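Report on the structure given below.
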Amino acid sequence: MRGFDAQVHARYDICIFTIKNKPHAVREAFNHYHGQLCISTVTLMELIYGAEKSASPEKNLAVVEGFAARLDVLDYNHEAAVHSGQLRAELEKNGKPIGPYDQMIAGHARSQGLILVTNNLREFDRVPGLRVEDWVQSGRQSAL
Numbered sequence: 007m008r009g010f011d012a013q014v015h016a017r018y019d020i021c022i023f024t025i026k027n028k029p030h031a032v033r034e035a036f037n038h039y040h041g042q043l044c045i046s047t048v049t050l051m052e053l054i055y056g057a058e059k060s061a062s063p064e065k066n067l068a069v070v071e072g073f074a075a076r077l078d079v080l081d082y083n084h085e086a087a088v089h090s091g092q093l094r095a096e097l098e099k100n101g102k103p104i105g106p107y108d109q110m111i112a113g114h115a116r117s118q119g120l121i122l123v124t125n126n127l128r129e130f131d132r133v134p135g136l137r138v139e140d141w142v143q144s145g146r147q148s149a150l
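Shown next as structure tokens:
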């Protein structure tokens, strides 16, 4: 982990689009915000899980490690856990829960005041107090 300068938190779907360079606009946005991007250790776990399950785990693990080395990787901490627990309770109370890892990613981004970039606005638009952007549907957004 490098010094914390991040303002944009990338979810695993955006990371995969960036790694595969499809769509190209996502890679361009990722490069544009280089130095301001981060991922959570939760996102890193999901990327490693996907690489381990793939047909070429050794190759894909190396790609994931190289990709993560270019970013700030934020440890999922106490503050992130508090936000995640609060949003889980609120979303369940409203009958609009989201998946457990998405709760953790949303709570982590919200706890740090970061913009979450994802291709799954349907899930994350439900999270109060979370700023969300989709670089896939709209091309590069001006997150900052």
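Here our numbering is used: the first residue of the sequence shown is 7, the next is one more, and so on. Idealized CB from N, CA, C, for every residue including glycine. Owing to the predicted nature of the structure, the values given are computational and were not obtained by experimental measurement.
Asp78 is bridged by DSSP to Cys44. Nearest C-alpha to Ile111 among Asn100, Glu98 and Asn83: Asn83. Nearest neighbour of Gly101 by Cα position, chosen from Arg132, Gln118, Ala86 and Asp78, turns out to be Arg132. As DSSP reads the structure, Ile121 sits in a beta bridge with Val14 and Arg137.
Scanning the segment 48-116 for uninterrupted alpha helix (DSSP H) segments of 4 residues or longer gives 63-75 and 84-99, listed from N- to C-terminal end. Secondary structure of Lys28 (DSSP, three-state): coil. Separation of Thr47 and Ile22 (C-alpha to C-alpha, rounded to the nearest whole angstrom) is 15 Å.
Boundaries of the alpha helix (DSSP H) harbouring Arg128: Leu127 to Phe130, taken from the DSSP string. With distances taken between CA atoms, Glu71 lies nearest to Ile45 out of Glu96, Ile45, Ala95 and Ala86. A straight-line Cα-Cα distance of about 4 Å links His114 and Ala86. Put simply, of Ile121, Val123, His40 and Leu93 the residue whose alpha carbon is nearest the alpha carbon of Phe73 is His40. Taking a cut-off of 8 Å for Cβ pairs, the segment 12-21 and the segment 119-139 touch, as three or more such pairs fall below it.
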